[in-house]
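Using our numbering, the letters of the sequence shown map in sequence onto residues 5 to 371.
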Amino acid sequence: AAVGKGNYRHFMEKELHEHPAVLGDTLRQYLDPKTLEVRLPRLPFDPARIPRLTISACGSAFLAGAVGRYWIEQLARLPVDADVASELRYRNPPLVEGGAAILISQSGETADNMAALKLLRQGGQKVLSVVNVPESSMARESDGAVLTVAGPEIGVASTKAFTAQLAVMACLAIGFGRSRRELSTIDEGRLTQALLEVPGNAALVLEKDAQIRELAAEVAKARDVLFLGRGSLYPIALEGALKLKEISYIHAEGYAAGEMKHGPIALIDNLVPVIALCPTGPLFEKTASNLQEAAARGGRIMAFTDADGVGPLSRFAERVIELPKVGDLSAPILHAIAVQLLAYHVAVLKGTDVDQPRNLAKSVTVE
Ligand code: G6P
Numbered sequence: 005a006a007v008g009k010g011n012y013r014h015f016m017e018k019e020l021h022e023h024p025a026v027l028g029d030t031l032r033q034y035l036d037p038k039t040l041e042v043r044l045p046r047l048p049f050d051p052a053r054i055p056r057l058t059i060s061a062c063g064s065a066f067l068a069g070a071v072g073r074y075w076i077e078q079l080a081r082l083p084v085d086a087d088v089a090s091e092l093r094y095r096n097p098p099l100v101e102g103g104a105a106i107l108i109s110q111s112g113e114t115a116d117n118m119a120a121l122k123l124l125r126q127g128g129q130k131v132l133s134v135v136n137v138p139e140s141s142m143a144r145e146s147d148g149a150v151l152t153v154a155g156p157e158i159g160v161a162s163t164k165a166f167t168a169q170l171a172v173m174a175c176l177a178i179g180f181g182r183s184r185r186e187l188s189t190i191d192e193g194r195l196t197q198a199l200l201e202v203p204g205n206a207a208l209v210l211e212k213d214a215q216i217r218e219l220a221a222e223v224a225k226a227r228d229v230l231f232l233g234r235g236s237l238y239p240i241a242l243e244g245a246l247k248l249k250e251i252s253y254i255h256a257e258g259y260a261a262g263e264m265k266h267g268p269i270a271l272i273d274n275l276v277p278v279i280a281l282c283p284t285g286p287l288f289e290k291t292a293s294n295l296q297e298a299a300a301r302g303g304r305i306m307a308f309t310d311a312d313g314v315g316p317l318s319r320f321a322e323r324v325i326e327l328p329k330v331g332d333l334s335a336p337i338l339h340a341i342a343v344q345l346l347a348y349h350v351a352v353l354k355g356t357d358v359d360q361p362r363n364l365a366k367s368v369t370v371e
């Protein structure tokens with residue numbers, strides 16, 4: 005059946021508002037709310053036995069993989085290599101015996117990732133795909149598939165499919181951590197419980213719409229925008245910049261907050277908004293001090309944080325938007341929704357074709 009826009013102006017807006025439902029559907033597929041255990045489908049490899057994992061994807065899906073890398077390394081102590089498929093396929097990477105790979109794709113048809121799939125399988129890797137379309141080529145040709153339950157995504161720039169990919173990667177990271185005996189039953193229960201709160205928290209992020217729209221009015225005036233984040237928020241900074249470029253045509257860069265002093269700080273002046281993704285946690289002080297350096301050079305800091313971060317950041321930031329206070333598996337998902345909303349509102353203010361940005365395709369089936 006054809007999918008309609010309902011009462012929304014754009015498919016992207018409609019899909020943004022589907023986040024709580026989609027995240028709930030996806031998480032309920034792999035988490036048991038009664039036992040607080042992860043229930044993964046049969047995997048084509050044993051996470052306890054693989055020496056190394058390769059993640060391959062394109063576009064936003066790659067950035068979901070980049071977040072997954074942080075999580076899997078952290079929770080399962082498994083070495084992970086993550087690369088864009090167009091590089092991986094020609095890099096001739098040394099693949100370890102008994103290794104495995106995860107391919108991430110909304111469509112399951114992206115040409116470069118299909119080529120990476122062949123290379124990885126020829127190199128003896130067991131391939132698991134994380135896809136949104138069960139009958140896609142990637143799902144069929146992989147050794148196993150885990151589905152994101154995002155439903156059809158019409159807007160060219162990914163929204164709900166991206167956060168569903170993050171949700172699946174979080175479940176895999178916990179599951180791998182259990183298999184590799186890096187996580188206790190208690191850890192698993194605590195992490196699972198936190199993930200089950202993501203759909204409700206996603207709804208709270210959507211309630212920040214008016215504040216994010218005000219921020220968008222500032223961002224829409226800029227020619228260049230810098231997104232900063234650390235750890236699992238670094239790929240979300242890249243995603244924020246990607247999304248803004250894709251649909252508003254404003255030049256944006258995402259950077260690891262600690263790398264700012266090695267280059268982008270030269271760009272800082274009062275015309276370049278710095279969007280900081282800065283939840284509290286072990287890396288908060290580090291990121292905050294990077295932001296303070298930018299503020300001292302006239303940079304206009306616009307920060308997303310949680311209740312505990314509002315006070316410290318308000319001392320030097322022009323705007324601070326409070327998101328729910330959550331742990332490391334949830335913060336990237338909530339911040340992703342916030343930067344998607346921001347890009348959406350900027351694009352609307354700019355009057356671009358939000359759902360069909362120029363030169364872009366939903367699914368890139370040619371190299
Ligand atoms: C295109 C889309 C992006 C998407 C990428 C990968 O560039 O515009 O939103 O992230 O392809 O697509 P896939 O279907 O493999 O996730």
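Cβ atoms here follow ideal geometry from the backbone N, Cα and C, with glycine treated the same way.
Review point. Residue range of the alpha helix (DSSP H) that residue 337 falls in?
Key: For residue 337, the uninterrupted alpha helix (DSSP H) run begins and ends at 335-354, by DSSP.
Exercise for review: Report the partner residues of residue 134 according to the DSSP bridge assignment.
Suggested key: Bridge pairing for residue 134: 108 and 150 [DSSP].
Practice item. Would you tell me roughly how many angstroms separate the C-alpha atoms of residue 236 and residue 8, rounded to the nearest one? Key: Their backbone Cα atoms lie some 34 Å apart in a straight line.
Check your understanding: On the premise that residue 282 lies in contact with residue 271, defined as a C-beta separation below 8 Å, what is that separation, rounded to the nearest angstrom?
Key -> No, residue 271 and residue 282 are not in contact; Cβ-Cβ is about 19 Å, not under 8 Å.
Review point. Which residues share a DSSP beta bridge with residue 279?
Key: Residue 279 has 231 and 306 as its beta-bridge partners, per DSSP.
**Study point:** Span of the alpha helix (DSSP H), counted from its first residue to its last, around residue 297
**Key:** Where residue 297 is concerned, the enclosing alpha helix (DSSP H) starts and stops at 288-300.
Check your understanding: Looking at the unbroken alpha helix (DSSP H) that takes in residue 359, where does it start and where does it end?
Key -> Residue 359 -> no alpha helix (DSSP H), and no H or E assigned at all.
Check your understanding: Thinking C-alpha only, which one of 128, 173, 139 and 313 is nearest residue 286?
Key -> When each option's Cα is compared against that of residue 286, the closest is 313.
Practice item. Might you give, ordered along the chain, the residues of its own chain that have their beta carbon closer than 8 Å to the beta carbon of residue 10, omitting 5 neighbours on each side? Key: Result list for residue 10: 18, in chain order.
Check your understanding: Is any heavy atom in ligand 1 found nearer than 7 Å to the beta carbon of residue 344?
Key -> No.
Check your understanding: Can we count residue 364 as close to ligand 1, meaning its CB is less than 7 Å from some heavy atom?
Key -> Because some heavy atom of ligand 1 lies under 7 Å away, the Cβ of residue 364 counts as near it: yes.
Exercise for review: Look at the alpha carbon of residue 33 and the alpha carbon of residue 254, and state the distance between them as a whole number of angstroms.
Suggested key: Taking the Cα positions, residue 33 is about 37 Å away from residue 254.
**Study point:** residue 340 CB to nearest heavy atom of ligand 2 below 7 Å
**Key:** Absent from the structure shown: ligand 2. Ligands present: ligand 1.
Review point. Is residue 361 close to chain B, meaning its C-beta is less than 8 Å from at least one C-beta of that chain?
Key: As a matter of chain content, chain B is missing from the structure shown, which is built from one protein chain.
Exercise for review: Tell me whether the beta-carbon of residue 26 lies closer than 8 Å to the beta-carbon of residue 154.
Suggested key: Yes. Within cutoff.
**Study point:** Pick from 121, 73 and 88 that is closest to residue 336, judged by C-alpha positions
**Key:** Comparing alpha carbon positions, the residue from 121, 73 and 88 closest to residue 336 is 73.
Practice item. Given a cut-off of 8 Å, decide if residue 146 and residue 131 are closer than it, judged by their beta-carbon atoms. Key: Closer than 8 Å, so yes.
Exercise for review: Determine the closest residue to residue 175 out of 68, 6, 141 and 113, with distance taken between C-alpha atoms.
Suggested key: Comparing alpha carbon positions, the residue from 68, 6, 141 and 113 closest to residue 175 is 68.
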